[in-house]
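>
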Amino acid sequence: MSETSVKVWADTNQGGQSQSLTVDTPDLTVTFTNGASSIKVGNDAGTWQAFTQVNYKGPHVNLNAGQLYISPDAMGLSGPVKSMRKA
186 MSETSVKVWA
196 DTNQGGQSQS
206 LTVDTPDLTV
216 TFTNGASSIK
226 VGNDAGTWQA
236 FTQVNYKGPH
246 VNLNAGQLYI
256 SPDAMGLSGP
266 VKSMRKA
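The opening position of the sequence shown corresponds to residue 186 in the working numbering, with each subsequent residue numbered one higher.
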């Protein structure tokens, strides 16, 4: 994983299918049917916003560089992440 990217996993605790993101992604359900449930923000990736609905809608939180979030609960969300963008 590049320190300037965000890595997302389908399941909690870095489980299941994964993908690295470097650009705003309006629909994670294209790759992950139910969205992403764990996320690692690279040390140099800056802050990203994670949304519970596609197209940057619904409840969202800021995820900080260098942090690993092992579940939606750890992010402060009630469900998987379905879209992400740089803050």
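Cβ atoms here follow ideal geometry from the backbone N, Cα and C, with glycine treated the same way.
(1) Looking at the secondary structure, which residues open and close the beta strand (DSSP E) in which ASP196 lies?
(2) Which of the three DSSP states is assigned to THR237 in this structure?
(3) Contact between the region 229–248 and the region 196–204 is defined here as three or more beta-carbon pairs at a separation below 8 Å; is this criterion met?
(4) What is the rounded straight-line gap between the Cα of THR214 and the Cα of LYS267?
(5) So, are the CB atoms of ALA250 and GLY264 less than 7 Å apart?
(6) In the DSSP assignment, what residue or residues form a beta bridge with MET269?
Taking the definition as stated:
(1) 191–196
(2) strand
(3) no
(4) 6 Å
(5) no
(6) THR210 and ALA235
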